[in-house]
Amino acid sequence: MANKITINWDKIQDIIEHYNSNPENLLMIMQDITNLYNYVPPEAIPLLKKKLNVKESLIYSVATFYKTISLEPRGKHIIHVCTGTACHILGAVKIMDAYKEELNIKEGQTTEDGLFSLEGVRCIGCCASGPVITVDKEIHGGLDRSKALNILELYKRSSERGEVERG
Amino acid sequence: MIKLNSIESLQKFRDSITSTRTRQGKRLISLCAGSGCGAYGTSGVYDELMKELSLQGLQEQFEVKLTGCHGFCEKGPIMVIYPDGIFYSQLKKEHMAEIVEKTLKTGELVKARLFKVESTQKKVSLEEEIPFYNLQKRIVLGNNGVIEPTSIDDYIAVGGYTALEKALSKMTPQNILDEISKSKLRGRGGGGFPTGVKWKTCARFDGPRYIICNADEGDPGAYMDRSILEGNPHSVVEGMIIGALAIGSSQGYVYVRHEYPLAVKNLSLAIEKARDYGILGKHILGSRIDFDITISRGGGAFVCGESTALMASLEGKPGRPRAKYVHTVEKGYREGPTTLNNVETWANVPIIINNGADWYCSIGTENSKGTKIFSLVGKVINTGLVEVPMGTSLRTIIFDIGGGVPKNKKFKAVQTGGPSGGCIPEAHLDLGVDFDELSRVGSIMGSGGMIVMDQNTCMVEVARYFVEFLQDESCGQCNPCREGLKQMLDILTRICEGHGKKGDIELLEELGAMIEKFSLCGLGTSAPNPVLSTIRYFRDEYEAHIKDKKCPSGVCKPLFHYEIDKDTCTGCMLCAKKCPHEAITGIKKEPHILNQEKCIKCGICYDNCKFNAIFIK
Ligand SMILES: Cc1cc2nc3c(=O)[nH]c(=O)nc-3n(C[C@H](O)[C@H](O)[C@H](O)COP(=O)(O)O)c2cc1C
Ligand code: FES
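Heads up: the sequence lines are chains A and B, in that order. For the first sequence, position 19 matches number 19 in our numbering, and the numbering has no gaps at all. For the second sequence, position 74 matches number 1074 in our numbering, and the numbering has no gaps at all.
See below:
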C-alpha cells in the first residue's frame, strides 16, 4: 500500500489558522491538507475537532460526502480520468479500461507499490480536448488508448529514475 | 499603490492608461492561456515568442498578452495579432521564429499556420473570416481575447467598471432593480428564472443580505463559467458589486469548483486587486457602500450546484438540499435573504447596465433575451465555446459554427442541459434555441452544455450514463431519487448487457414519471429527462437492444461485433498493426481476417480503417 507518512502538525495548524479556525471553512481546510498528503490522515481529525469546535460526526460526514476528500492514503500520483459527458462520448471508458488493465486495479484503488491511484472525475472543463485525464495537476488531452498508456509509462519511468537517484 | 477613492479618480485613471497605451502605440499579440490551450503548451510558445521578439529587436513594438479562453479550444494554442486580427492556431514553439520574422516584421503571412475552413477547404487569415467566430455574437466572452485576466488595468482600459460608475453615480438601487427587470435577463445556471424578480424579492426581506455566485458548474461537458472566471474575472466581480448595490448587501461569496484551479487563482487575484484599488471592501470608490467577496471551494459534489445545497456547503456542512417551502431569497445562507446567480448571469449585469435594457432586449427572442454561451463538444468538428443570440437554430450552431460531424459520419442527436436535459434528434434541428423552445421538445437549456452525438453513440447507453451519474450524485435524502434512480439504472444496465425484457421501456417511463413528481430537489425532478427523451425519440434503439439483442451503434459490447468486409478491405495492414490484441491477421493486399475469440471490441480498427471496411454487426 501507499507509503506511511509523518504528519507535520505545524503545517496543519497553519492551514487552520489561515482559515481563521472558522468551521464554515472545514471543507477547504481538508482540501488544503489533501494538497499536502493526497488524503486527510484520520489522525488529524481530533485536532480539527478541537480547533474548529465542531463535532467529530460533522467532520466525518463532510469528509465522506465530498469526492475530493479521502480518509485513506492515496498513491504518489493520482490519475483522474474525466468521465464527464463530452469525454464519455469521445471514449473515456476506453481510457479508463486501459488504465485498469495496465495497473491491475479498479477505479478508486491504489496500486500495490503505492505509485498510482486511479480515479474518475466528472469534467475538468477541458471538454473540447477530450478524452482528458489529469495526472496530479497536469492536464493531458486528445487521448486514445496508446497515448494514455504512453503517459503512464512516462510517470513510471520518471519515478524509477527518482528512486535510482535517491538510492 | 493606486487607491481610487472616487468615481472621478477611476475615470482619470482609465484615461491615463488608455492615453499611455495609445502613445506607446504597441501592437497587441494575444496568446490564449486558458486551460484548454494551456494543456497544449501555451507557456512554451510564450517563452519562445518573447525570446524571438527580443532577438529580432521587436519587443518595443509589440505587447504580448496571455489572455483567457478564446473559445476555439480544439485548435489551441491560439494567437491573434491585432489590429488586423491575424489568426494562427495549433502553435508550437518551433513556429515562433518564422512568425516573428515574417508576420510581425513584414506582415507576410505564415501559410502553414493559417486556419483551413472545412466546408470550402480554403485557408483564411483573419479571425473574422472563420465561420466559428463570425456567426457568433460575443458580448460576454468578447473581452476574453484582448485582456490579461490577471491585470485589472486591462479590464479598466476596455471600459471595465464603467457600469459600476454609472450604477453608483446615476442610479438608485430601485433604478438598478428596474433596469434588470426590464432587460428580462433570465438565470443562466439552468432554471432560467427572471433575475429581476429574484433580486426584487430578496431586497424586500430584512436582515444581512448575501450575494452568491454559483460557479460550481456541475454539468459535465459545459465549461463556460470556467472560461469567464479564468478569462475575465472582473466582469463577474463588477456584476456582483452592482447586484449588492441593488439588493443592499455587504458580503458576497463565489462558490467555485475545486477542479478549476486556474479559475480560483485568477478570481482570487482579481478580488485582491479590486480591493487594493478601492473597488471592493469598505467605501467602494469613496462611497458609503461596503461590499466584499470571499471565495469558497466546492468539493466535487454535483448536487452542491443546487441553491439550498450550495448554501449548506458554504456553511461548512455536507451539501444536502432542503425543501423550498421558504425560498432562499427569504432564508438562505446563514438564514439570511440570499441572492444566488450563476457566473454567466453575473457577467451579463454590467453589460445591461452599460448599454441599457432596451438595447439588451433587442437581442434574442420574445421571452429569452441576450446571448447564451454554449459549450459545443462531442462529435463535432469545431469544438469550443460558442456565444450566440438566443433563438439561433441548433443547425446553425452545430453545422455552420461547429462545422458538422467529423469523419463524414451521420449526426444522430444533440444533448442539451446536462444530466437534467434531454437528447434532441435531427428532426428538431431548425429549432431556435431558447429557454421555452428547448423545453417544448423535452429538453432544457440548462447551463449550456451541447453535446453532439453521431451514428456511433448509443442512445440507450447515453441514458444509462446519465442515470448512473445522477444515481451516484444523489444525496440520498429522498426515497424517489435514491431508490428510483437505482432501479432505473439496474434496468438500463440490464438492457445494455443484453438482458432487456419486454415491458422494460414501460417500466422506465413509469418510474420516470414517479421520480419527476415526488423528488425533493431539482436533481431528482429532472433526473428522468435523459431517459424519457431518448425513449421519446429513439425508441427503436431501445427495442433493438431488448428484442433483437443488438446495439446498432456498436457501443454495448455484448450486443455487437466487428466484421471485415472482404470486398472493401484493401489489405493495407493498418488495422492488423494497430490491434492491441493481435486479433487481426492477413497478408498485404489481401482481405484481413478478424478473430472474434481474441477481439476485445476496443474499436481501434474501426476508427482507423481508411476504407470503411470494418463494420458493426
Ligand atoms: C442538481 C442541480 C445542480 C445545479 N447545478 C448548478 C450549477 O452547477 N451551476 C449553476 O449556476 N446552477 C446550478 N443549478 C441551478 C441552481 O440551483 C440555481 O438555480 C442557479 O444557480 C440560480 O442562478 P441563475 O438564476 O443565475 O441561473 C443546479 C440545480 C440543480 C437542481
Ligand atoms: S467532459 Fe471531460 S473535461 Fe469536460
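A virtual CB, placed ideally from N, CA and C, is assigned to each residue, including glycine.
G1192(B) has its alpha-carbon roughly 17 Å from the corresponding atom of V1140(B). Comparing C-alpha distances from T1371(B) to each of Y1040(B), L1385(B) and K1379(B) shows the shortest one belongs to L1385(B).
With fewer than 16 other Cβ atoms inside 10 Å of its own Cβ, T6(A) counts as exposed. Shown here for G1418(B): same chain residues with a beta carbon closer than 6 Å to its own, the five before and five after excluded, namely D1219, G1446 and G1449 in chain order. Nearest Cα to L1028(B) within the set V1080(B), C1521(B) and C1602(B): V1080(B). DSSP places E138(A) in the strand class (E or B) of the three-state scheme.
DSSP places K1566(B) outside both helix and strand once states are collapsed to three, so it counts as coil. Setting aside the 5 residues that flank it on each side, T1018(B) is surrounded in the same chain by A1157, each with a C-beta closer than 7 Å to its C-beta; the list follows chain order.
Between Y1325(B) and E1563(B), the alpha-carbon positions lie close to 58 Å from each other.
For K1200(B) against S1181(B), the beta-carbon gap comes to about 7 Å, under 8 Å, which counts as contact. Residues of the stretch 30-63 of chain A with a C-beta less than 9 Å from any C-beta of chain B: M30, Q31, L52, V54, L58, S61 and V62, listed in chain order. Proximity of Y1465(B) to chain A, defined by a Cβ-Cβ separation below 8 Å, is satisfied. Nearest CB-CB separation between L118(A) and chain B: not below the 8 Å threshold.
A residue is called buried once 16 or more other Cβ atoms fall within 10 Å of its Cβ, and Q1415(B) is buried on that count. Its Cα nearest to that of V1555(B), the residue D1454(B) stands out among R1257(B), C1521(B), L1508(B) and D1454(B). With the criterion set as a beta carbon lying under 9 Å from some beta carbon of chain B, the members of the stretch 64-86 of chain A are T64, F65, Y66, K67, T68, I69, H80, C82, T83, G84, T85 and A86, in sequence order. Its chain contains Y1253, Y1255, S1296 and Y1333 as the residues whose beta carbon lies nearer than 7 Å to that of L1314(B), once the 5 sequence neighbours on both sides are disregarded; these appear in chain order.
For I78(A), DSSP records a beta bridge to S117(A). Per DSSP, the beta bridge partners of I133(A) are V81(A) and H140(A).
Excluding residues up to 5 positions away in sequence, L1511 lie with their Cβ nearer than 8 Å to the Cβ of Q1487(B) in the same chain.
Here E17(A) is exposed: its Cβ has fewer than 16 other Cβ atoms, across all protein chains shown, within 10 Å. For L1010(B), the uninterrupted alpha helix (DSSP H) segment begins and ends at I1007 to Q1024. Per DSSP, reduced to three states, the secondary structure at S1125(B) is coil, with no helix or strand assignment.
The beta-carbon of R1297(B) is placed less than 8 Å from the nearest beta-carbon of chain A.
Distance between K1003(B) and I1284(B), taken at the CA atoms: about 11 Å. The three-state reading of DSSP puts C1458(B) in coil, since its state is none of H, G, I, E or B.
Taking a contact as a CB-CB distance under 8 Å, the pair I1271(B) and I1293(B) counts as one, their CB atoms being some 5 Å apart. Interface annotation, G1417(B): not in contact with chain A, CB-CB separation never under 8 Å. For N1214(B), the enclosing beta strand (DSSP E) has its first and last residue at Y1210 to A1215. As DSSP reads the structure, T110(A) sits in a beta bridge with S117(A). Secondary structure in the stretch 1442-1497 of chain B: the beta strand (DSSP E) runs of 3 residues or longer, each lying completely within the stretch, are 1449-1454 in chain order.
K1198(B) and Y1360(B) have their C-alpha atoms spaced approximately 19 Å apart. When the beta-carbon positions are compared, R1188(B) and N1342(B) come within less than 8 Å of each other. For P46(A), the enclosing alpha helix (DSSP H) covers residues I45 to L52.
Look at P42(A): its beta carbon is at least 7 Å from all of the heavy atoms in ligand 2.
Contact check for A1215(B) against R1275(B) fails: the beta carbons are separated by 8 Å or more.
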